[in-house]
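A.B. asks:
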Amino acid sequence: MHTLKKPFTLLLILSHLNAFVLGGVSNVYAANQVVDTTKSPTTFIDTTANGVDLINIANPNSVGVSVNHYNKFNVGNQGAILNNSKVMGTSQLGGAVYGNPNLNQNADIILNEVGSTNRSVLNGALEVFGKNAAVVIANPNGFDCNGCSFINTSKLTMVSGQSRMSNGAITGFKINNDLTSDFIIHELGLYANNTNDVDIISRAIKLRGELQAKQDLALKQGNDYYDYTTGEVKSNTNAAPIEFGIDISHLSNISAGSIKLIVTEKGAGVNTADGDIITDLSNLEITADGDLVLKANLSSQTDINLTSHHGNITQSGDIKAVQNIDINANQTYQNEGKDTIAQANLAITANTVNNQGGQLAAGGNLNIAVDTLNNTRNDTQDTTKTQEKTQGGLIYAKNQLQITAANHLLNDKSSIVAEGDIVINDTNHGTNNDLNLVIDNKSGVIKADNNITIHAKTLNNTAYRYDAKQKR
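Numbering (my numbering), first residue to last: 1 to 472.
1. Could you tell me which residues DSSP puts in a beta bridge with residue 542?
2. State whether the region 224 to 232 contacts the region 242 to 255, with contact taken as three or more CB pairs (one from each stretch) at a distance under 8 Å.
3. How about residue 504 and residue 127: do their beta carbons lie closer than 8 Å?
4. Do the region 120 to 138 and the region 176 to 185 make contact, defined as three or more Cβ pairs closer than 8 Å?
5. At what residue ranges does the region 27 to 54 contain a whole run of the beta strand (DSSP E), taking only runs of 3 or more?
6. Considering only residues of the region 310 to 370, which uninterrupted beta strand (DSSP E) runs meet the minimum length of 3 residues and lie entirely inside it, listed in chain order?
7. For the region 121 to 153, list the beta strand (DSSP E) runs that are entirely contained and at least 3 residues long, ordered along the chain.
8. Tell me whether residue 22 is buried or exposed, calling it buried when 16 or more other Cβ atoms sit within 10 Å of its Cβ.
9. Give me the residue from 98, 73, 74, 79 with the minimum Cα distance to residue 51.
10. Between the region 83 to 91 and the region 114 to 123, are three or more C-beta pairs nearer than 8 Å?
11. Between which residues of its own chain and residue 239 is the CB-CB distance below 6 Å, once the five residues before and five after are set aside?
12. Should the region 164 to 172 be regarded as contacting the region 204 to 214, the criterion being three or more beta carbon pairs within less than 8 Å?
13. Are there 16 or more other CB atoms within 10 angstroms of the CB of residue 326, so buried, or fewer, so exposed?
14. When you compare only the Cα positions, how much space is there between residue 402 and residue 373?
15. By a C-beta neighbour count over all protein chains shown, 10 Å radius and 16 as the cutoff for buried, is residue 431 buried or exposed?
16. Output needed for residue 434: all residues of its chain with C-beta closer than 8 Å, excluding positions within five of it in sequence on either side, in chain order.
17. When burial is assigned at 16 or more other CB atoms within 10 Å of the CB, is residue 381 buried or exposed?
18. As a quick exercise: from 182, 315, 100, pick the residue whose alpha carbon is nearest that of residue 160.
19. If you run the structure through DSSP and keep just helix, strand and coil, what is residue 91?
20. May I have the straight-line CA-CA distance separating residue 191 from residue 277, to the nearest angstrom?
21. Report the CB separation of residue 263 from residue 289 in whole angstroms; it is logged as a contact under 8 Å.
22. Compare the C-alpha of residue 473 against each of 299, 272, 101 and name the closest.
23. Taking its Cβ as the centre, do 16 or more other Cβ atoms sit within 10 Å of residue 421, making it buried, or is it exposed?
24. Starting from residue 481, trace the beta strand (DSSP E) in both directions and tell me its first and last residue.
25. Consult DSSP for residue 58 and reduce its assignment to one of helix, strand or coil.
26. Would you list, in sequence order, the uninterrupted beta strand (DSSP E) runs of no fewer than 3 residues that lie entirely inside the region 222 to 276?
27. Using three-state DSSP, classify residue 449 as helix, strand or coil.
28. On the DSSP bridge list, what partners appear for residue 164?
29. Rounded to whole angstroms, what is the Cα-Cα separation between residue 131 and residue 151?
30. Take the Cβ of residue 88 as the centre, count every other Cβ of all protein chains shown within 10 Å, and call the residue buried at 16 or more, exposed below.
31. How about residue 444: is its C-beta nearer than 8 Å to some C-beta of chain B?
32. How should residue 199 be labelled, buried or exposed, when 16 other C-beta atoms within 10 angstroms of its C-beta is the threshold for buried?
33. Sorted by chain position, which residues of the same chain lie with C-beta nearer than 6 Å to residue 204's C-beta, five sequence neighbours on each side aside?
34. Just to confirm my understanding: we take residue 355, look at its own chain, exclude 5 residues before and 5 after, and list those with CB closer than 6 Å. What are they?
35. CB-CB under 7 Å to residue 163, same chain, minus the five flanking residues each way: which ones, in chain order?
Pasting the structure below:
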């Protein structure tokens, strides 16, 4: 046993000398990372033989969290390595890497927290060398990601905020509500194709480039607190209002197994530009207190859930789900001539639904609950040929189609069709209150292969087609 100690000691000495021989840096300063040695006295930065930053993380605490504080935490184009190995080995980015002399055990979670006023600029790959671990980057000043990616990372959490801990465990993060502390994904994108869970939390999240994750991807907006255990984001009402908490204002594609875009701040919404948002394993959810402006095409292998708690949902891209689509707008749901197709069931709840030349279709049942439903043509002008293009709206169900409306249903040169039954009810039907629903079927089609049942105050038909096996 004694014969092994001298070579091992020599190896550690050579490991530290390696930083200077190969042009490395001290444990205080690196071009991309600066350790706050007052809070993290053991964390130090080295350089691999091929010039990649090597971050020797602190030994994890009793619950497996390695806590590392920095004055600056950036990742350059060449990448950086979080050394979570007790033994020498070969990393993907840096080649041969020695074992981290700080470690008595491998970390399960690696917390990297910035305590200065420097934003984190991530332009390359960040690799966990050794045992894979969850990586947390907390910076209250915000992030710029432009070509960042992650290797051997079981879970990735990036927060524009400061950590909160209890008994060594991360409990949550205080989110910086300053709008300059935003999270921006630039043109070269963010790629976490081998990371199961990716959570990005900030008061303002902006996408200018592509975003990919392997399984669960969540962009969460808020101005107060993020609970690391439950994943819940809280906002207060004291901050100055913003229009969009998540703003995808440039052509950007987002893909993952499941996707959540969640905005919790009062009045704030989600804006998506042209592009594609795709889930290939599970659900796609977009939820906000304010408006959803959806120009991107949305696609899911399972369900799509869209919710505006106090605003409008405006759709100018196609929405397609292999299973169900659920749309909830506190005010207006506006479909501007696009397809909303659920291979199973489609449910829409809103104050007003404007289906302007669009297709609302379900391979199963379709249910619409509104005050007012306008199923109308989409009249557009072809500027190249100076011709008008006209397309009627279509509301279609393979099985039952049910519309419940309080005030008005307009079917103007458009179609309401079901291969099963069609049921159109006044909201007050079945109560002691008077019926108020007025139905205007203007040169429109209402057609069911089975029965049509209507309970309304008034049914106005002008040059209509009204077909069913039985009409009631």
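For glycine and all other residues, C-beta sits at the position ideal for the given N, C-alpha and C.
C.D. replies: For this structure:
1. This structure leaves residue 542 out entirely; the chain is present only between 1 and 472.
2. No, the region 224 to 232 is not in contact with the region 242 to 255.
3. Since the first residue shown for the chain is 1 and the last is 472, residue 504 is missing from the structure and cannot be characterised.
4. The answer is no - the region 176 to 185 does not touch the region 120 to 138, with fewer than three Cβ pairs under 8 Å.
5. Runs found: 33 to 35, 44 to 47.
6. Complete beta strand (DSSP E) runs here, min 3: 313 to 315, 319 to 321, 325 to 329, 332 to 335, 339 to 342, 346 to 349, 352 to 356, 359 to 362.
7. Runs of the beta strand (DSSP E) inside the region 121 to 153: 125 to 130, 133 to 138, 143 to 145, 148 to 151.
8. Low local confidence applies: a pLDDT of 36 at residue 22 is under 50, so the model's placement there is unreliable, with the coordinate-based value given in what follows. By the 10 Å Cβ count, residue 22 comes out exposed.
9. Nearest neighbour of residue 51 by Cα position, chosen from 98, 73, 74, 79, turns out to be 79.
10. They do not touch, by the three-pair rule.
11. Only 177, 223 meet the Cβ criterion.
12. By the C-beta criterion, the region 164 to 172 is judged not to be in contact with the region 204 to 214, since fewer than 3 inter-stretch pairs fall below 8 Å.
13. Around the beta-carbon of residue 326, 16 or more other beta-carbon atoms lie within 10 Å, marking it buried.
14. Residue 402 and residue 373: Cα-Cα distance of roughly 12 Å.
15. Residue 431 is exposed by the Cβ-count criterion.
16. Excluding residues up to 5 positions away in sequence, 428, 457 lie with their Cβ nearer than 8 Å to the Cβ of residue 434 in the same chain.
17. Residue placement at residue 381 is poorly supported in this model, since its pLDDT is 42, which falls under 50; the coordinates are not used for a value here.
18. With respect to the C-alpha of residue 160, the residue from 182, 315, 100 having the closest C-alpha is 182.
19. The three-state reading of DSSP puts residue 91 in strand, counting E and B together.
20. Approximately 15 Å, taken between the alpha carbons.
21. Between residue 289 and residue 263 the Cβ distance is about 6 Å, and since that is below 8 Å, they are a contact.
22. Lying before the first or after the last residue shown, residue 473 is absent from the chain, which here runs from 1 to 472.
23. A residue is called buried once 16 or more other Cβ atoms fall within 10 Å of its Cβ, and residue 421 is buried on that count.
24. Here the chain comprises residues numbered 1 to 472, so residue 481 is not present and cannot be evaluated.
25. Correct three-state label for residue 58: coil.
26. Taking only runs of at least 3 residues, the beta strand (DSSP E) segments lying wholly in the region 222 to 276 are 225 to 227, 244 to 248, 254 to 256, 258 to 263, 269 to 272.
27. Correct three-state label for residue 449: coil.
28. Per DSSP, 172.
29. Between the alpha carbons of residue 131 and residue 151 lies a gap of roughly 11 Å.
30. Exposed, by the Cβ-count rule.
31. The structure shown has no chain B; it contains just one protein chain.
32. With a 10 Å radius around the Cβ and a threshold of 16 neighbouring Cβ atoms, residue 199 comes out buried.
33. The residues are 179, 182.
34. Beyond the five residues adjoining it in sequence on each side, residue 355 comes within less than 6 Å, by CB distance, of 335, 375, 393 in the same chain, given in chain order.
35. For residue 163, where only same-chain residues beyond five positions count, the Cβ hits under 7 Å are 111, 113, 138, 170, 173.
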